[in-house]
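Taken in order, the sequence shown gives residues 10 to 314; the numbers are from our numbering.
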Amino acid sequence: MTKEDKFINTLFEKADETKPTITEIVKMPMSSIVPNFKNPYKCREEDMKPLEESIRENGIIQPLMVRKDDKADVFEIVSGHRRYLAATRLEMTEVPVVVLSISKEEADIILVDSNLHREHILPSEKAFAYKMKMDALKKQGKRTDLTSDPVGLKLNSAEKISQDSEDSATQIKRYIRLTNLEKSILNLVDEGRIAMRPAVEISYLTPEEQMMIFETYESDEVTPSLAQAQKMRKLSEQNQLNADTVLSIMTTPKPNQAEAIKIPEERINKFFGKNYTKQQKEEHIIKALEYYNKYLQRQRNRDAR
């Protein structure tokens, strides 16, 4: 049983009144199964290769969980998107499934909650996952009109989501704001080049204004601080933000800004996996330097004897 499926079981145990009717495991043609096309979680290549090898040797041991689509004569995946992709790549014609009798909203909530425990989740994945759950809760008829706040979301909805997450209600609202970012800007957040708080401020800018920021980043290799992002948001609200002001703001030296050492990424990328963020790369480089420094110290100690 996968971690996702174990987590799903705990969800059902906590809410027996919504526990779905589970039928027996059956073989289902791949042509009858479709993924949840709003699935916010990416299938990383480094995860897929060992999974494909395992399925090639042993088959799919843990069945996929699916539900009958409300409009089409197909079954939508609730749990098992990576197994489905692996089966597709291996050109399998049928897979074992368990059909759950649950609504679309329940399926979306399970999909979000059962994947939040993953070790590495990108900010963009969390952003669209939390938004998916927020939308599902609203469609289920949950009250979302009790309280509002400056971020623009209903407080009780965010608090509801935070009960099943390691993130606070405030942080969840910040993540959901990221869904308003242009893809090029959101990629910079995933790479660790733009921090969460500045990204939230940028999310209030128009698509055109956001692209001005991205173009400035590409040409001058600078990203905005929180104060700079807040300044640009204020100018945007006053219809005074243009390419020149964006360039002026972003190229202004930040307080206590130290001179950076730049290493071409092509020189270091061979030491990292495909989905390493900029922050993860920096942490690994620092650790490597610490180990190397200890090695040099041991060598000096031996030479001094």
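For glycine and all other residues, C-beta sits at the position ideal for the given N, C-alpha and C.
What you are looking at is a predicted structure, and each value in this text was computed from that prediction instead of being measured.
Simplified DSSP assignment, three categories, for I277: Note: I277 maps to helix in three-state DSSP.
Cβ pair count under 8 Å reaching 3, the segment 61 to 79 against the segment 45 to 52: With a cut-off of 8 Å, the segment 45 to 52 and the segment 61 to 79 do not count as touching, because too few Cβ pairs lie within range.
Which of helix, strand or coil DSSP assigns to I130: In the structure shown, I130 falls within a coil segment according to DSSP collapsed to helix, strand and coil.
Boundaries of the alpha helix (DSSP H) in which I295 is found, first to last residue: Start and end: 287 to 313.
Cβ-based burial, P207 [other Cβ within 10 Å; buried from 16]: By the 10 Å Cβ count, P207 comes out buried.
Endpoints, alpha helix (DSSP H) assigned at V198: Note, V198: alpha helix (DSSP H), 192 to 199.
Under the three-state DSSP convention, the category P207 falls into: Residue state for P207 is assigned as helix, using DSSP reduced to three classes.
Reduced DSSP secondary structure (H/G/I, E/B, other) of K77: Strand at K77.
Whole-Å CB distance - V104 paired with A96, under 8 Å assumed: With 8 Å as the limit, V104 and A96 qualify as a contact, their Cβ atoms being about 5 Å apart.
Sub-8 Å separation of E200 and L235 beta-carbons: Against a cut-off of 8 Å, the Cβ pair of L235 and E200 comes out as no contact.
Exposed unless 16 or more other CB atoms sit within 10 angstroms - verdict on A313: Flag for A313 reads exposed.
As assigned by DSSP and simplified to three states, the class of I170: Assigned with DSSP and collapsed to three states, I170 falls in helix.
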